[in-house]
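By full-length UniProt numbering, the letter at position 22 of the sequence shown is numbered 22, and the numbering carries on one by one without gaps. The beta-carbon is built from N, C-alpha and C at its ideal position, and this holds for glycine as well.
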Amino acid sequence: MAEGILFFAEDIFGGQFGIKDDAIYSFDPETGEAAHLASSVDEWVRAVLGDYEFVTGYPLAHQWQAQYGVLPIGERLVPKRPFVLGGDYTPENLVALEAAKGMRFRGDLAVQLRDLPDGASIKFKIVD
């Protein structure tokens with residue numbers, strides 16, 4: 001899923017940015033899919049600055065913090081109902097979670113979903 005990618009940054013949701021084959025990719029932790037974002041670091045910087053609200057998740061992070069307080073260092077906003085499963089991009093659907101724990105949770109989800117066809121029915125269950 002993320003083989004060969006060297007990650008160097010992440011957005012407010014824990015989505016990763018990484019380098020592979022001299023290009024920059026965005027990595028979706030819910031699906032395990034990597035999408036080409038830029039051909040160089042300079043191009044990536046321009047992409048982030050050119051559309052930072054979308055690329056970083058800033059507006060939703062700002063709304064969440066206005067409702068729930070400052071997001072602690074090392075935590076990310078993780079959807080209660082994953083975005084890939086139709087979760088809303090709203091503060092009410094987000095919870096602050098330690099970044100690595102959120103990545104493990106969504107990585108497990110990505111592994112379970114990777115071989116399913118689009119539109120397949122699933123049962124989403126959280127087990128401690």
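field: Same chain, Cβ closer than 8 Å to S40, five either side skipped, listed in chain order
entry: If you number the sequence shown from 1, residue 40 lands on position 40. Once the five neighbours on either side are set aside, the close Cβ partners of S40 are D22, A23 and I24.
message: Per DSSP, what are the beta-bridge partners of P79 in this structure?
response: The sequence position of residue 79 within the sequence shown is 79, counting from 1. Note: P79 sits in a beta bridge opposite L94.
Range of the contiguous alpha helix (DSSP H) that encloses F54: By 1-based counting over the sequence shown, the position of residue 54 is 54. Run containing F54: Y52 to T56, per the alpha helix (DSSP H) assignment.
message: Looking at the strands, I want to know which residues DSSP matches up with L6.
response: What you label residue 6 is simply residue 6 of the sequence shown in a count that begins at 1. Beta-bridge pairing links L6 to I19.
query: Taking the alpha carbon of L71 as the point to measure from, which residue in G14, L37, V48 and D115 has its own alpha carbon closest?
result: Along the sequence shown, read from residue 1 onward, the residue named residue 71 stands at position 71. Per the Cα distances, G14.
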